[in-house]
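Report on the following structure.
There are 2 protein chains.
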Amino acid sequence: MSMIADALGVSSATVSNALSGKGRVSADLVDKIRKKADELGYVPSNAGRALRTGRSNVLGLVLPDISNPLFPQIAQAMETAASNAGYGVLIADSRGKVTTQTQAISRLIERGVDGLVVIPRRGTRIGDVGCPVAMVDTPSTPGNTVSADHWEGGAKVARHLVDLGHQNFLLIGHDPASNVQNDRIGGMKSALGRNTRHTTIWLETLMHERGERASLGLIDHVQNGVTAIAAVSDLHALRVLTELQTSGIKVPQQVSVTGFDDLIFSPVVTPSLTTVHMDMARIAELAIAALVREIEQGKSTVQNGKAAKQTVTADTSKVSMELMVRASSGPAASPDAPFPTGETL
Amino acid sequence: MSMIADALGVSSATVSNALSGKGRVSADLVDKIRKKADELGYVPSNAGRALRTGRSNVLGLVLPDISNPLFPQIAQAMETAASNAGYGVLIADSRGKVTTQTQAISRLIERGVDGLVVIPRRGTRIGDVGCPVAMVDTPSTPGNTVSADHWEGGAKVARHLVDLGHQNFLLIGHDPASNVQNDRIGGMKSALGRNTRHTTIWLETLMHERGERASLGLIDHVQNGVTAIAAVSDLHALRVLTELQTSGIKVPQQVSVTGFDDLIFSPVVTPSLTTVHMDMARIAELAIAALVREIEQGKSTVQNGKAAKQTVTADTSKVSMELMVRASSGPAASPDAPFPTGETL
DNA sequence: CTGAAAGCGCTTACAG
DNA sequence: CTGAAAGCGCTTACAG
């Protein structure tokens, strides 16, 4: 910057004003300065600016587990949204543990992030961290900033399966402590209606009770009349699908299978997986917009009366989920399959 | 910092020296200063430090496509390695395009990263960017810093299949312009030996010629005697596996299937997928170590004679890949399957 | 062992 | 429209 100023015989204040386009500099000079900057390959120093303005223009993204297959979508969407808003994204992996999550957050704070997007570990509340935080979890979580409407997503799959004529369902969750999964399953149940039956399996519980590679007992369920299996994740749906196929049960002719999240492999398998897609780009935009608004209003400083409001509020907190109907749900199960009377859950 | 200095009646220089543990301060004072710092919840300003030292302690990670299913492993490993070395990680997605890759790199540079880890878009060479760069591609790529030994990985799968008694192979690649994939396929071919046959399909080429959802013609290949199908990615292996299963072809009884990368779903499907696993943690450590060494030697400044050496060199440039034998390769194809004489590729 | 001083590169009132 | 000055928070020679 001083190089440009010296080369042109102007003050660095003028260079700064010209380059930041604040309009206090004559058009001619702005042109000259711009040209010189290009010529010298001038790259403004973030450190200098950050020190002066007190803002780093960097956001932190805290993920519960980077190796989660949904992470790519999230990271990509956040990076794009942040980048469009002029922010960089620093990532931190909390590796499933709450303590690590706290450490991850501290590390980001130390690096001077202006705000944080946190995908919390199931049911974690984030303490006061000294900067605005956007939480992306599920609408039923207190403090949630934006997220997909997982409940509605569950309802959509269930309704789809009901419309197909299914009456006997197996719902597969993983972790009963997960808000997201509970919402998805809750949504499914809410849409199943009176003359259907369903059973819910939580894999984590099952594995805990019967060991790591416990059988899901899929065949038994099918023999007992289940014709639709709806999982809270494509990963589980994939497991179900391939297990059924290996046992010679035809999908979707004999059993319909659905997942969640539209993971990368879902359209690729045969039969392709019916699933529910979330508009991560929109969620990210809303989260980042809320964060940026708070940051740029400067409200986040501890100044104001009590503790600064921690988690930020977005314009819309629920983003609709889209049902992707593909081959694995297929046509209705043959209607002559007798409806097993008995307990309706 | 000045708060601590004032509270204790010492100079900020002393606070700085005490906190950074340079040993120029008496033990007593160090203790007092540490306590005061904790008490005040002092968090050093990165901006101040960066401005003074000229280093941000942040590294940039440039990914060809965040939505790649391998990305979680990479990002996680890099984040851990960087964090252990005292660096943060700023991500940037080059979204497949070379121009976007260049933009992504510029953005990171503008944010003042000290170094870059680049997973390059197939066959891209990185120009002079003004900071050290570690490239993670494949050993056969010029400028490669560290990577898995993809060729060896390919050789390992092929050898495994040969040992199982297979003699007629279908190799499935995606993009013939990818160095990684070419190395994997090359390695496979190198290990197939004399009395075997093989055909290679490149999906991108196929799709280009026959449309998006073109059939792989798997059944035909199997009818023509193929008993082992080896793909360059678990994603393709999964496609193959489910297509075969849907057609009633038993895996592994009739055909063995193998993939690459040990993606998250690979151990979960039935039959579980035989694949090749890379030690991303080690690759990340080597890449980051090489980068940090270069950064901390300060060699990267443009000072020295010609242009500063761009891509950095690691202690080891090839990291071994590990074969994960699982159910999908299974026992040898029945040996009474007649070996179709004819062209040996 | 401790401190006073300078300066990293910016931006922002404030004067002119 | 342009410039001189101050200061953001740190660290690093340099004195003492």
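Note that the protein sequences, when read in sequence, are chains A and B.
Residue 273 in the numbering used here sits at position 273 of the first sequence, with consecutive numbering throughout.
To convert a position in the second sequence, counted from 1, into the numbering used here, add 1000.
Ideal placement from N, C-alpha and C gives every residue a C-beta, glycine not left out.
Just tell me which of the options has its CA closest to the CA of residue i.
i         : options                                    : result
A/Gly115  : A/Ser67, A/Val292, A/Trp202, A/Gly96       : A/Val292
B/Pro1139 : B/Pro1132, B/Pro1252, B/Glu1152            : B/Glu1152
B/Val1257 : B/Ile1264, B/Val1222, B/Met1278, B/Ala1284 : B/Val1222
B/Gly1225 : B/Ser1178, B/Val1255, B/Ser1328            : B/Val1255
B/Leu1244 : B/Ile1295, B/Thr1270, B/His1166            : B/Thr1270
B/Arg1122 : B/Leu1164, B/Ser1094, B/Gly1330, B/Pro1132 : B/Ser1094
B/Met1321 : B/Val1015, B/Leu1218, B/His1150            : B/His1150
B/Arg1194 : B/Leu1218, B/Phe1169, B/Leu1090            : B/Phe1169
A/Ser272  : B/Leu1286, B/Leu1241, B/Val1268            : B/Leu1241
B/Ser1266 : B/Thr1246, B/Ile1295, B/Ser1328, B/Thr1316 : B/Ser1328
A/Gly164  : A/Lys22, A/Ile229, A/Lys97, A/Thr124       : Note that residue 164 of chain A is Leu in the sequence shown, not Gly. Answer by Cα proximity: A/Ile229.
A/Gly9    : A/Thr100, A/Ala82, A/Leu29, A/Gly21        : A/Leu29
B/Gly1330 : B/Pro1252, B/Met1280, B/Val1162, B/Ser1011 : B/Pro1252
B/Thr1080 : B/Arg1052, B/Leu1286, B/Ile1295            : B/Leu1286
B/Ile1295 : B/Ala1082, B/Ala1075, B/Asp1183            : B/Ala1082
B/Pro1176 : B/His1208, B/Val1162, B/Lys1156            : B/His1208
Who are the Cβ neighbours of residue i in its own chain at under 8 Å, not counting the five residues just before and after it?
i         : result
B/Ile1185 : Gly1154, Leu1171, Gly1173, Thr1200, Val1232
A/Leu92   : First, the residue type needs correcting, since residue 92 of chain A is Ala and not Leu in the sequence shown. Same-chain partners within the cutoff: Gly60, Leu61, Val62, Leu63, Ala104, Ile105, Arg107, Leu108.
A/Val325  : His160, Thr274
A/Gly86   : Asn57
A/Val44   : Reading the sequence as shown, one finds Pro at residue 44 of chain A and not Val. Contacts found: Met1, Leu19.
B/Leu1206 : Ala1214, Leu1216
B/Thr1124 : Val1098, Gln1101
A/Ala7    : Lys36, Leu40
Is the beta carbon of residue i sitting closer than 8 Å to the one on residue j?
i         : j         : result
B/Thr1102 : B/Val1312 : no
B/Val1136 : B/Leu1108 : no
B/Ser1147 : A/Gln73   : no
A/Glu110  : B/Asn1046 : yes
A/Gln310  : A/Asp128  : yes
A/Val133  : A/Val113  : no
B/Ile1264 : A/Leu238  : no
B/Ile1033 : B/Ala1013 : no
B/Val1276 : B/Leu1216 : no
B/Ser1190 : B/Ile1219 : no
A/Asp315  : A/Leu70   : no
A/Leu51   : B/Gly1048 : yes
Go to residue i, then tell me how far its beta strand (DSSP E) extends in each direction, as first and last residue.
i         : result
A/Asp93   : 88-93
B/Ser1256 : 1256-1258
A/Val25   : Taken as a continuous stretch (DSSP letters only), A/Val25 belongs to no beta strand (DSSP E), as it is neither H nor E.
A/Leu323  : 321-324
B/Val999  : Lying before the first or after the last residue shown, residue 999 of chain B is absent from chain B, which here runs from 1001 to 1345.
B/Val1117 : 1115-1118
With respect to the alpha helix (DSSP H) encompassing residue i, which residues constitute its N-terminal and C-terminal limits?
i         : result
B/Ile1074 : 1071-1084
A/Arg197  : Segment 197-202 is the beta strand (DSSP E) holding A/Arg197; no alpha helix (DSSP H) there.
A/Met135  : Counting along the chain, A/Met135 falls outside any alpha helix (DSSP H), though it belongs to the beta strand (DSSP E) covering 133-135.
B/Ala1228 : Segment 1228-1231 is the beta strand (DSSP E) holding B/Ala1228; no alpha helix (DSSP H) there.
A/Met280  : 280-297
B/Ile1105 : 1098-1110
B/Asn1168 : Element bounds for B/Asn1168: not the alpha helix (DSSP H) but the beta strand (DSSP E), 1168-1173.
B/Ser1162 : Checking the sequence, you will find Val at residue 1162 of chain B rather than Ser. Note, B/Val1162: alpha helix (DSSP H), 1150-1163.
A/Val15   : 12-20
A/Val240  : 234-246
B/Ile1185 : 1179-1190
A/Ala214  : That residue, A/Ala214, is in no alpha helix (DSSP H); it is neither H nor E in DSSP.
A/Val222  : 218-223
B/Gly1048 : 1046-1053
A/Ser2    : 2-8
Since I believe residue j is in contact with residue i (beta carbons under 8 Å), could you give me their beta-carbon distance rounded to a whole number of angstroms?
i         : j         : result
A/Met78   : A/Ala289  : Between A/Ala289 and A/Met78 the Cβ distance is about 12 Å, and since that is not below 8 Å, they are no contact.
B/Leu1192 : B/Ala1158 : 5 Å
A/Gln167  : A/Arg213  : Actually they are not in contact, since the Cβ atoms of A/Gln167 and A/Arg213 sit about 31 Å apart, beyond 8 Å.
A/Asn179  : A/Thr141  : 5 Å
A/Leu90   : B/Gly1054 : The Cβ separation is near 19 Å, so there is no contact.
For residue i, collect the residues of the same chain with a Cβ closer than 7 Å to its Cβ; drop the 5 residues on either side in sequence, then sort them by chain order.
i         : result
A/Lys250  : none
B/Ile1004 : Val1015, Ile1033, Lys1036, Ala1037, Leu1040, Tyr1042
A/Ser11   : Ala5
B/Val1268 : none
Closer than 6 Å by C-beta to residue i: which residues in its own chain qualify, once you throw out the five before and the five after it? Chain order, please.
i        : result
A/Arg282 : Val319
A/Met278 : Ala148, Met321
A/Lys97  : none
A/Asn304 : For A/Asn304, the pLDDT reaches just 37, beneath the cut-off of 50, and the residue's location in the model is therefore unreliable, leaving the point undetermined.
A/Asp183 : Thr138, Ser140, His150, Trp151
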